[in-house]
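Have a look at the structure below before the remarks.
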């Protein structure tokens, strides 16, 4: 999805209002409804059956969106209350019209027009399950001041008690640079209007924006197509839906591909099991896992629907070179191969990876230990007979490029670009703001996912999911961007349904069917 600057977004909205003739109050009504719908989804996923919603509004358009959202949320049956970070007589324009409708709806409104009012509010806070941040919008320049700064500090003080949903941008965050220029809201979910803003994907914004949803506020598609945009794009559900056609009623498992997972070692059966489970959840027809003989029974029990084949192992309990004939025997019968999770860095693993690169006639996903044993020899991947996707985390990327991890994190885009040029592969640089890059295609940044996914096995699940999509016939670039979105979305659903602290990779795998509902109803 296109990323735009604030000036490009203003021009798009101006053209919608003036050229198409849409009224500003109607755009605001649509924006507020989208916020209310997002809050409702969050409340339902989080188990808040009768949530109290606390909306905090500034005097500008963001405040107007909050007024509209409050009305719709009340109609949905939620208890709502609105606090103003200004005096009521300071609200103007379309926001004033919707403030009048808010009052007519008999929704409780409190005015807190000074920083002292907000300081006093923090001594006896109003506890709500969800706070909606409508204090400041994309027009922010410089640190928040006055009552807006007080409102932001109040929201931050309540963040341990309430989930926070920000409208358009977290208040205090610069929409163009992604920098927090003073007091800034830390959101769990940002509902951005029309198109995502470039600041959302910048490194400085990652700790503030949370998950991001893009609200369709009715901007004409032809005007969106003409809007100036950044060269990067944000991975989003609406762009991925076309990749998932409706399945025919007479389909059978042979129609949806067969993926081969080469994974695991003594002590690392879980990596093979998790990657196989995620592949099974991808929609693929068949999954075969080749694992060391010693862990075959464990993986077979953990991934019941997969076919698990034991292959010769080394003294260390890893796959040995004698496993190659077993792996090779499957290559003419599968549509994609994953190699890496839990293989360990045993000496013979590198040779297995290189043989697969040279001989596999189908796309490969190379992950985890399979990346480590390549060392800095990314060029060997350019000899692959079919497409390759590599999925390094920052530490693995550092090893591939001969850098340190800090250098990779300092410029993730540059690191991914170097890796793609050297390997001719699709690169998935994992982490907060996962980068998906294929030379000649738009750089994709994914914002689904959360800190709870920083746990063992989460990367194995992503690799299995990605391989499953490849086996179904997805192009490597499309498989990569769909996989990172669905994987992160599953992590967000798991965190909201439970909590980030106790999240496991198994929780993410279990949420994959619900995450796919973003992309297909069936």
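Residue numbers (our numbering): 1020 to 1541. The beta-carbon is built from N, C-alpha and C at its ideal position, and this holds for glycine as well.
Assigned with DSSP and collapsed to three states, residue 1230 falls in strand.
Measuring C-alpha to C-alpha distances from residue 1400 to each of 1131, 1412, 1379 and 1061 identifies 1379 as the nearest.
At the C-beta level, residue 1187 and residue 1156 come within 7 Å of one another.
Out of 1323, 1460, 1364 and 1486, the CA that lies nearest to the CA of residue 1355 is found in 1486.
Pairwise C-beta distances place the region 1385–1393 in contact with the region 1410–1428, as three or more of them are shorter than 8 Å. As the crow flies, the alpha-carbon of residue 1028 is around 44 Å from that of residue 1277. Close CB contacts of residue 1225 within its chain, under the 7 Å cut and outside five residues either way in sequence, are with 1451 and 1452 (chain order).
The three-state secondary structure of residue 1239, taken from DSSP, is coil. Residue pairing by DSSP places residue 1463 opposite 1252 and 1455 in a beta bridge.
Straight-line spacing of the CA atoms in residue 1337 and residue 1144 works out to 57 Å. Around the CB of residue 1510, 16 or more other CB atoms lie within 10 Å, so the residue is classed as buried. Boundaries of the beta strand (DSSP E) around residue 1278: 1277–1281.
Under the three-pair Cβ rule at 8 Å, the region 1167–1182 does not count as touching the region 1230–1243. Membership of residue 1053 in the alpha helix (DSSP H) is indicated by the continuous run 1043–1064. Note that the region 1474–1491 touches the region 1289–1297; at least 3 beta-carbon pairs, one per stretch, sit closer than 8 Å.
The DSSP-derived three-state label of residue 1506 is helix. Here residue 1471 has 1514, 1519 and 1522 as same chain residues with Cβ atoms under 6 Å from its own Cβ, once five neighbours each way along the sequence are excluded. As the crow flies, the alpha-carbon of residue 1524 is around 12 Å from that of residue 1482.
About 16 Å separates the CB atoms of residue 1517 and residue 1480; that is not less than 8 Å, and the two are not in contact.
Scanning 1264, 1147, 1069 and 1528 for the CA closest to the CA of residue 1095 turns up 1069.
Rounded to whole angstroms, the separation of the alpha carbons of residue 1504 and residue 1436 is 20 Å. For residue 1116, the enclosing alpha helix (DSSP H) covers residues 1112–1123. Contact between the region 1055–1063 and the region 1079–1092 is established, with three or more Cβ pairs separated by less than 8 Å. Look at the region 1316–1376 and you find these whole runs of alpha helix (DSSP H), each 4 residues long or longer: 1343–1349.
For residue 1180, the three-state secondary structure derived from DSSP is coil. In the three-state reduction of the DSSP assignment, residue 1128 falls in the strand class. DSSP places residue 1098 inside the beta strand (DSSP E), whose first and last residues are 1098–1103.
Remark: C-beta atoms of residue 1201 and residue 1162 approach each other more closely than 7 Å. Straight across, the Cα-Cα distance linking residue 1109 with residue 1213 is about 26 Å. For residue 1420, the uninterrupted alpha helix (DSSP H) run begins and ends at 1413–1420, by DSSP.
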